[in-house]
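Visitor: Let me begin by handing over the structure; questions about it come next.
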Amino acid sequence: MVEKQGRDRRGGIVIDVSLALLATALMMRQHFPAMLHQICGVLFGILIAIHICQHRAWIASLKQGKPEGKRLVGAFLMAAILACTFIMVASGLAMSTWASALGVPAGTGTARALHLPLSHLCYCLMGMHAGLHAKGVGKLPRPAVTVWSLLAAMGIWSFAALDFGSYIMGTVGFALIDHSKPALLDFAQYISVFALFMLVGAALQQIHLERGRNSSKH
Numbered sequence: 050m051v052e053k054q055g056r057d058r059r060g061g062i063v064i065d066v067s068l069a070l071l072a073t074a075l076m077m078r079q080h081f082p083a084m085l086h087q088i089c090g091v092l093f094g095i096l097i098a099i100h101i102c103q104h105r106a107w108i109a110s111l112k113q114g115k116p117e118g119k120r121l122v123g124a125f126l127m128a129a130i131l132a133c134t135f136i137m138v139a140s141g142l143a144m145s146t147w148a149s150a151l152g153v154p155a156g157t158g159t160a161r162a163l164h165l166p167l168s169h170l171c172y173c174l175m176g177m178h179a180g181l182h183a184k185g186v187g188k189l190p191r192p193a194v195t196v197w198s199l200l201a202a203m204g205i206w207s208f209a210a211l212d213f214g215s216y217i218m219g220t221v222g223f224a225l226i227d228h229s230k231p232a233l234l235d236f237a238q239y240i241s242v243f244a245l246f247m248l249v250g251a252a253l254q255q256i257h258l259e260r261g262r263n264s265s266k267h
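In our numbering, the protein residues as written are 50 to 267.
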């Protein structure tokens, strides 16, 4: 039983890390061929489905009583990520070369208007989701906390530099691509944004834990 739980935990970590890296690669669309971006988008949807299956017990527990605190925030984030993923994959397929081969006009306005804002919003929500459910955050060694904090601080600059706000608000009609930008810098910027929102999620987790400790004292 313990061995099975260990395998399930390791499998969960592999899926979680794969989702974070795949989501980052999808954000770095200018560095990859269109076909690879499309394949990765479909794979992202499949991994999200696997992630849901791995946590079906937690999802089923939401039916038991009214969700509060961390469970309520977690349920909201999960629902938002699922909705974003469904629409992103659908709109991405509508803009794909596969759709063009079937006679669907490439880059339809409605699909693009949905895909760009939701991809950026979902990336931020995924970071929060990861931080909210991260294990042992309060026990991290100080050097790790320092590195995470510095990366998150860079994430504030990256959020502005990558124009996340404009994309999320839907004020940017087309992806703004700088082909001279090194892939490594792009990766560092996106990962720092993920780390920033992961820190927000971890902070929410710690607030919930503190409230739990305080309520148990009374």
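Heads up, the beta-carbon is just placed ideally off N, CA and C, and yes, glycines get one too.
Computed from a predicted structure; not experimentally measured.
1) Report the rounded CA-to-CA distance for H228 versus S207, giving the unit in angstroms.
2) Have a look at K119 and L253 and give me their C-alpha separation to the nearest angstrom.
3) Looking only at its own chain, which residues have a Cβ that is under 8 Å from the Cβ of G180, when we skip the five neighbours before and after it?
4) Can you tell me whether V242 is buried or exposed, with buried defined as 16 or more other CB within 10 angstroms of its CB?
5) Since F81 and A72 are thought to touch, with beta carbons under 8 Å apart, how far apart are those beta carbons, to the nearest angstrom?
6) How big is the Cα-Cα spacing for V51 and A183?
7) With three or more C-beta pairs closer than 8 Å as the rule, is the stretch 158-173 touching the stretch 131-144?
8) Only counting the same chain, and skipping five residues up and downstream in sequence, which positions put a Cβ closer than 8 Å to that of S67?
9) When the Cα atoms are used, what is the spatial distance from G31 to S145?
10) Please state if the CB of L174 and the CB of L126 are separated by a distance shorter than 8 Å.
11) In or out: T134 buried (at least 16 other Cβ within 10 Å) or exposed?
12) With burial defined as no fewer than 16 other Cβ atoms inside 10 Å of the residue's Cβ, what is the status of I240: buried or exposed?
13) Considering only the alpha carbon of each residue, which of I88, A244, F236, A160 lies closest to G219?
14) From D65, G61, Q79, pick the residue whose C-alpha is nearest to that of L233; which is it?
15) For A98, is the classification buried or exposed, using 16 other Cβ atoms within 10 angstroms of its Cβ as the cut-off for buried?
16) Which complete alpha helix (DSSP H) runs does the stretch 147-213 hold, if anything under 4 residues is left out?
17) For L225 versus D212, is the C-beta distance shorter than 8 Å?
Guide: Checking against the coordinates, here is how it stands:
1) Position 179 of the sequence shown holds residue 228. Position 158 of the sequence shown holds residue 207. Using only the alpha carbons, I get a separation of about 17 Å.
2) Numbered from 1 along the sequence shown, position 70 holds the residue referred to as residue 119. Numbered from 1 along the sequence shown, position 204 holds the residue referred to as residue 253. Computed Cα separation, rounded: 8 Å.
3) The residue labelled residue 180 in the question sits at position 131 within the sequence shown. For G180, where only same-chain residues beyond five positions count, the Cβ hits under 8 Å are V186, F246, M247, L248, V249, G250, A251, A252, L253, Q254.
4) Position 193 of the sequence shown, counting from 1, holds the residue named residue 242. It is buried - the Cβ of V242 has at least 16 other Cβ atoms within 10 Å.
5) Locating residue 81 in the sequence shown gives position 32, counting from the first residue. Locating residue 72 in the sequence shown gives position 23, counting from the first residue. Rounded, the Cβ-Cβ distance is 13 Å, inconsistent with contact.
6) Taking the sequence shown and counting its residues from 1, the one referred to as residue 51 is at position 2. Taking the sequence shown and counting its residues from 1, the one referred to as residue 183 is at position 134. Caution is warranted here: a pLDDT of 42 is assigned to V51, below 50, making its placement in the model unreliable, and no coordinate value can be reported.
7) yes
8) The residue given as residue 67 occupies position 18 in the sequence shown. Taken in chain order, the residues that qualify are L96.
9) Outside the displayed span of the chain (50 to 267) sits residue 31, for which this structure offers no information.
10) Locating residue 126 in the sequence shown gives position 77, counting from the first residue. Locating residue 174 in the sequence shown gives position 125, counting from the first residue. Taking 8 Å as the Cβ cut-off, L126 and L174 qualify as a contacting pair.
11) The residue you call residue 134 lines up with position 85 of the sequence shown. Counting Cβ neighbours within 10 Å, T134 comes out buried, since at least 16 surround it.
12) Reading the sequence shown from its first residue, position 191 is the one you call residue 240. Under this definition I240 is a buried residue.
13) The sequence position of residue 219 within the sequence shown is 170, counting from 1. Per the Cα distances, A160.
14) The residue labelled residue 233 in the question sits at position 184 within the sequence shown. For the residues D65, G61, Q79, the minimum Cα distance to L233 belongs to Q79.
15) Along the sequence shown, one-based indexing puts residue 98 at 49. With fewer than 16 Cβ atoms within 10 Å of its Cβ, A98 is classed as exposed.
16) Listed in chain order, they are 158-181, 191-210.
17) For this step, residue 225 is matched to residue 176 along the sequence shown. For this step, residue 212 is matched to residue 163 along the sequence shown. Yes, the Cβ-Cβ distance between L225 and D212 is below 8 Å.
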